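A.B. asks: Okay, handing you the structure first.
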Amino acid sequence: MVRRASAAAARRREAALFVVPLLAALAAVAGWPLARTIWLSFTDATLTGGDHDFIGLANYAFLLEDPDWWRAVRNTLVFAAISVALETALGLAIALVLDAQIRLRGVLRAAVLVPWAIPTVVSAQLWAWMLHDQYGVINEVLLAFGLMDAPRAWLADRTLAMASVIAVDVWKTTPFMVLLLLAALQTVPRELHEAAMVDGAGAIRRFLVVTLPAIRPALLVAVIFRTLDALRIFDLIYVMVGNASATATMAVYARQHMVDFQDTGYGSAASTVLFAVIALAAALFIRLGRITAPPAAR
Amino acid sequence: MRRLRRRLGRIGLHLAAALILAYTLLPFVWAVATSFKAGSALFDTALIPAAPRWDNYLEVFREQPFGLNIVNSVLVAAGTVAISLALGLTAAHALGRVAFRGRSLLLVTVLGVSMFPQVAVLSGLFELIRWLGLYNTLPALILSYLIFTLPFTVWVLTTFVRALPVQIEEAAMIDGASSWTVLTRVFLPLLAPAMVTTGLLAFIAAWNEFLFALTFTLTDDRRTVPVAIALISGASAFEMPWGRIMAASVTVTVPLIALVLVFQRRIVAGLTAGAVKG
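So the sequence lines, in the order shown, correspond to chains X and D. Mapping to the working numbering: the first sequence position 226 is 226, numbers consecutive. Heads up, the working numbering is the position in the second sequence plus 1000, with the first residue counted as 1.
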C-alpha cells in the first residue's frame, strides 16, 4: 500500500517534469513577449530600439483622443458581430443540407473544405481580383444579370469596403462552422426526430424543438471561437485594402503604428487594449457557456 | 399532397446542394482560369481561357525568388510541426493521465494563449527576436509560430490521450516500464494517427501565417509564400499583375487542397475533437 502511494507520488513528480519544456516554451514565446508589450505601452520606445523612457499613461491618453482609433474600435466590433452572425446562419444552413440524406454528400463535404484550405492571403488576393472595380468578374456578372446598372468600386468605396471584407471572411470561415455543426448534428439521435414526426411536428418545429437544443453546446463553442478570432482579424483586411481607415481594425491600427510609423510604445498601447478586450470577452464567454473547449486551428 | 411536398423538398435540397458547390468552388476555379490568361486575355471574363498560356507561371518563378519562398515556407512549417509535436506529446501524456497539482490551471493557461491576438505579442517578440540575433531568419518564424501551434497541439493530443484505455499503460507499468518507456513505446504508436492530424493542422497554420512573417523578415529571399504573394506588385499601383498573383496562388494552394482532401477525415476529427465533446 505504502509502495503504491509513493509510486503515484513519483509519477506526479515525473509528470511535472514532462510539462516543463512546454511551460518554458510558452513562457518564452507568449508570456515574456506579452509582458514586454504591456511594459512598452507605458514607454516612448521606437522600433529602432535604443533607450526609452517611462511615460506613464500618455500613450493611452493619446489613444483616447484619436478619432482613427475609435473608428478602428467600431470597425472591429462591426466586423466581428456581422461576420460571426452571418457565418453562424450560413454555416448552420449548409450543415443541415449536408446532414440530409442526399446524393454526392461526400463531394459536398469535400467542397466545403476548399475555402478553409485556401490560405487567407490567397483568398484575400483572389477576392480582391474578383471585386476589382474595372475588370472584376463580380461587377461583370451583376451587370449581366441586370442587378446593377453601373460597376461599383467594392474595395475603394468606404461603405462597400467593410461589406466586402465581411463577405470574404464569411466565405473563408463558414466551413469551420459547418464542420463543427455537422459533427454535432450527427450526434442527434434519429429516434428523436421520428418521435417528433409521429407527434405531427413539422420540419421547422422539429428543428426548433429537437435539433437546436441538441446542438446548442457545439453552436456556442463555434460562435465563441469565431468571435474571439474575428476580434483579432488582421491579414484578410490588410491584404485586401491595406491600412485604409474605413476598414482598419484594432489589430491593423496597432501594427501600422508599431511598424510603419515605428512608434512601438504607442502601437503597444493599442495592442494591449485589444488584448484586454479579447481577454475580457474570453472570460465572459467561458463563464457564460461554462465551457473549456480546445482551440481549433484557424 | 404529401408526396408533392416531399418531392419539392428533395428538389429544394438538391438546388441548395448545387448552390453550395458553386459558392465554395467557383472562386478558386476563377483563380485557376485567370492564372492561364496572359496579356489582354486577362480582362476577358471567359471561364475557360480561349488560348491557355503558361506565361504567368514562368514569370512568377523568373521575376522573383518564388521557388525559394516555397522552400522557406516548407522549412518553417516542418520545423514548427516537429517542435510542437515533441513538446505537445510529452505534455499531453502528463496532462491527460496524471492528476498533479495545477493541472487545470495549466490547461486554462494553454487555452488562454491560443486566444492571444498575434499583434499583442508583436513588439515583445520583435525585441526578443532581435536580441537573439534572429531577425530576418527562418528560426525567428519557427519560434514565433509556436505561440499558436502549441496550444491546439497540446489540447488535441490531450483529448486523444484521455480517450485511450488506461489498462494498456498500467500493464506496461506493472512490467516495470519507466514513464519515458511508456511514452515512447506505448503512447507514441497509439497516438500516431492523432499526431498526423495535429501535425497537419499545425503545418497548415504555419504555412498560412502572415503577420509574423511580414514583420520578422525583411529581404525577398527570406520571405515565406503568403508574404511573397501579398507583396507581388506591378510597375505601378494601377498595374497589378493579377495573372502572376493568381499563378502563384494556384501553385501553393493546389497541393494544400489535395492534402486536405486526402486527409479530410483526420482533419475534421482534429478540428472537432473536444470542441464538440467539450
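Here a beta-carbon is modelled for each residue, glycine too, at the ideal position from N, C-alpha and C. Predicted, not measured: the structure shown is a model, and the values here were computed from it.
Is any heavy atom in the ligand GDP found nearer than 7 Å to the beta carbon of A1031/D?
C.D. replies: With respect to the ligand GDP, the structure offers nothing, as it holds no ligand at all.
A.B. asks: According to DSSP, simplified to helix, strand and coil, what is F54/X?
C.D. replies: For the purposes of this step, residue 54/X is taken as residue 54 along the first sequence, with counting starting at 1. Three-state DSSP puts F54/X in a strand.
A.B. asks: Would you tell me roughly how many angstroms separate the C-alpha atoms of Q125/X and V137/X, rounded to the nearest one?
C.D. replies: Within the first sequence, residue 125/X is the residue found at index 125, counting from 1. Within the first sequence, residue 137/X is the residue found at index 137, counting from 1. C-alpha separation (whole angstroms): 14 Å.
A.B. asks: Have a look at P1255/D, P1151/D, E1063/D, G1133/D and flag the residue whose alpha-carbon is nearest the alpha-carbon of S1114/D.
C.D. replies: The count along the second sequence starts at 1 and reaches residue 1114/D at position 114. Checking every option, the nearest Cα to that of S1114/D belongs to P1151/D.
A.B. asks: List the whole-angstrom C-beta distance separating A248/X from N75/X, where the pair is believed to meet the contact cut-off of C-beta under 8 Å.
C.D. replies: Counted from its first residue, the first sequence places residue 248/X at position 248. Counted from its first residue, the first sequence places residue 75/X at position 75. The Cβ separation is near 6 Å, so the contact holds.
A.B. asks: Could you name the residues that DSSP lists as bridge partners for T43/X?
C.D. replies: One-based indexing of the first sequence puts residue 43/X at position 43. The partner list for T43/X (beta bridge, DSSP) reads F54/X.
A.B. asks: Check whether chain D comes within 8 Å of I278/X, counting only Cβ atoms and requiring the distance to be less than that.
C.D. replies: Within the first sequence, numbered from 1, the residue matching residue 278/X stands at position 278. I278/X counts as touching chain D.
A.B. asks: Does the pairing of the segment 1093–1106 of chain D with the segment 12–21 of chain X give three or more beta-carbon distances under 8 Å?
C.D. replies: Judged by Cβ distances under 8 Å, the segment 1093–1106 of chain D makes contact with the segment 12–21 of chain X, as three or more pairs qualify.
A.B. asks: Shortest alpha-carbon distance to L284/X belongs to which of T264/X, L228/X, L86/X?
C.D. replies: Sequence index remark: in the first sequence, residue 284/X carries index 284 (1-based). Comparing Cα positions, the closest option is L228/X.
A.B. asks: With a threshold of 7 Å on Cβ separation, who are the neighbours of A297/X within its own chain once the five nearest residues in sequence on each side are excluded?
C.D. replies: Indexing the first sequence from 1 puts residue 297/X at position 297. Any reading at A297/X is ruled out, since the residue's pLDDT is 38, under 50, leaving its predicted position unreliable.
A.B. asks: Mark T309/X as exposed unless 16 or more other C-beta atoms lie within 10 angstroms of its C-beta, in which case mark it buried.
C.D. replies: Given a span of 1 to 298 for chain X in the structure shown, any question on residue 309/X remains unanswerable.
A.B. asks: Excluding the five sequence neighbours on either side, which residues of its own chain have a C-beta within less than 6 Å of the C-beta of T1217/D, listed in chain order?
C.D. replies: In the second sequence, the residue the question calls residue 1217/D occupies position 217. Closer than 6 Å at the Cβ level, and outside the excluded window around T1217/D, lie N1136, R1223.
A.B. asks: Of the choices T1184/D, A1078/D, L1111/D, V1268/D, whose alpha-carbon is the least far from that of T1197/D?
C.D. replies: To locate residue 1197/D, count along the second sequence from 1; it is residue 197. Per the Cα distances, V1268/D.
A.B. asks: Quick one: Cα of A24/X to Cα of N1072/D, how far?
C.D. replies: Residue numbering aside, residue 24/X sits at position 24 when the first sequence is read from its first letter. Residue numbering aside, residue 1072/D sits at position 72 when the second sequence is read from its first letter. Approximately 26 Å between the Cα atoms of the pair.
A.B. asks: So, does the CB of L1146/D fall closer than 8 Å to a CB anywhere in chain X?
C.D. replies: Here residue 1146/D corresponds to residue number 146 of the second sequence, with the count starting at 1. Yes, because at least one Cβ of chain X sits closer than 8 Å to the Cβ of L1146/D.
A.B. asks: Between S1233/D and chain X, is any beta-carbon pair separated by less than 8 Å?
C.D. replies: Within the second sequence, the letter at position 233 stands for residue 1233/D. Not an interface residue.
A.B. asks: Just to confirm the assignment: which complete alpha helix (DSSP H) runs, minimum length 4, are found wholly within the segment 43–119 of chain X?
C.D. replies: Qualifying alpha helix (DSSP H) stretches, in chain order: 58–65, 67–99, 105–117.
A.B. asks: Using a Cβ cut-off of 8 Å, pull out every chain D residue sitting near Y135/X, in sequence order please.
C.D. replies: The count along the first sequence starts at 1 and reaches residue 135/X at position 135. Ordered by position in chain D, the residues that pass the 8 Å Cβ test against Y135/X are L1042, F1043, W1242.
A.B. asks: Just reading off the alpha helix (DSSP H) that G1012/D is part of, what are its end residues?
C.D. replies: What you label residue 1012/D is simply residue 12 of the second sequence in a count that begins at 1. Unbroken alpha helix (DSSP H) run through G1012/D: 1002–1035.
A.B. asks: Express the C-alpha separation of M1246/D and F1036/D in angstroms, rounding to a whole number.
C.D. replies: The sequence position of residue 1036/D within the second sequence is 36, counting from 1. The sequence position of residue 1246/D within the second sequence is 246, counting from 1. Their backbone Cα atoms lie some 9 Å apart in a straight line.
A.B. asks: Mind pulling the chain C residues with CB within less than 8 Å of V97/X?
C.D. replies: The chain inventory of the structure shown lacks chain C, comprising the protein chains X and D.
A.B. asks: For a contact meaning CB atoms closer than 9 Å, what does T272/X contact in chain D?
C.D. replies: Taking the first residue of the first sequence as 1, we reach residue 272/X at position 272. Within 9 Å Cβ-Cβ: A1120.
A.B. asks: Can you name, in chain order, every residue of its own chain whose Cβ lies under 8 Å from the Cβ of S1249/D, other than the five neighbours on each side?
C.D. replies: Working through the second sequence from its first residue, we reach residue 1249/D at position 249. Cβ within range, chain order: A1031, S1035, I1229.
A.B. asks: Tell me, please, whether the CB atom of Q262/X is closer than 8 Å to any CB atom in chain D?
C.D. replies: Against the first sequence, residue 262/X aligns to sequence position 262. Chain D contact via Cβ: absent.
A.B. asks: Closer than 8 Å, Cβ to any Cβ of chain X: which residues of the segment 1174–1193 of chain D, in chain order?
C.D. replies: So the close ones are S1179, L1183.
A.B. asks: What residue range is occupied by the uninterrupted alpha helix (DSSP H) comprising L1183/D?
C.D. replies: Locating residue 1183/D in the second sequence gives position 183, where the first residue counts as 1. Element bounds for L1183/D: n/a, residue is neither H nor E.
A.B. asks: So, T1158/D versus G1096/D, is the Cβ gap smaller than 8 Å?
C.D. replies: Counting from 1 along the second sequence, the entry for residue 1158/D is found at position 158. Counting from 1 along the second sequence, the entry for residue 1096/D is found at position 96. Result yes, Cβ atoms of T1158/D and G1096/D sit closer than 8 Å.
A.B. asks: Going along chain X, which residues have a C-beta under 8 Å from Q1264/D?
C.D. replies: Counted from its first residue, the second sequence places residue 1264/D at position 264. By Cβ distance, chain X contributes R109, A110, L113.
A.B. asks: Could you round the C-beta distance between T46/X and T264/X to whole angstroms and report it? I think they count as a contact, below 8 Å.
C.D. replies: Counted from its first residue, the first sequence places residue 46/X at position 46. Counted from its first residue, the first sequence places residue 264/X at position 264. Confirmed, Cβ separation roughly 6 Å.
A.B. asks: Taking the alpha-carbon of V252/X as reference, which of Y266/X, Q262/X, D235/X has the nearest alpha-carbon?
C.D. replies: Locating residue 252/X in the first sequence gives position 252, counting from the first residue. V252/X has its Cα closest to that of D235/X, out of Y266/X, Q262/X, D235/X.
A.B. asks: Would the beta-carbon of A1120/D fall within 8 Å of that of L26/X?
C.D. replies: Residue numbering aside, residue 1120/D sits at position 120 when the second sequence is read from its first letter. Residue numbering aside, residue 26/X sits at position 26 when the first sequence is read from its first letter. No, Cβ-Cβ distance for A1120/D and L26/X is not below 8 Å.
A.B. asks: Would you please verify whether the beta carbon of G267/X is less than 8 Å from any beta carbon of chain D?
C.D. replies: Counted from its first residue, the first sequence places residue 267/X at position 267. Yes, its Cβ sits closer than 8 Å to a Cβ of chain D.
A.B. asks: Residues in the segment 1113–1138 of chain D with C-beta within 8 Å of chain X's C-beta atoms, listed in sequence order?
C.D. replies: Per Cβ criterion, the list reads V1113, S1114, M1115, F1116, P1117, Q1118, V1119, A1120, V1121, L1122, S1123, G1124, L1125, F1126, E1127, L1128, R1130.
A.B. asks: Which residues bound the alpha helix (DSSP H) around L160/X?
C.D. replies: As a first step, residue 160/X must be located in the first sequence, where it is residue number 160. Per DSSP, L160/X belongs to the alpha helix (DSSP H) from 158–185.
A.B. asks: By the 10 Å Cβ neighbour count, where 16 or more other Cβ atoms means buried, how is I1142/D classified, buried or exposed?
C.D. replies: Locating residue 1142/D in the second sequence gives position 142, counting from the first residue. By the neighbour-count rule (16 or more Cβ atoms within 10 Å), I1142/D is buried.
A.B. asks: Would you list, in sequence order, the uninterrupted alpha helix (DSSP H) runs of no fewer than 4 residues that lie entirely inside the segment 1062–1123 of chain D?
C.D. replies: Runs found: 1066–1097, 1103–1114.
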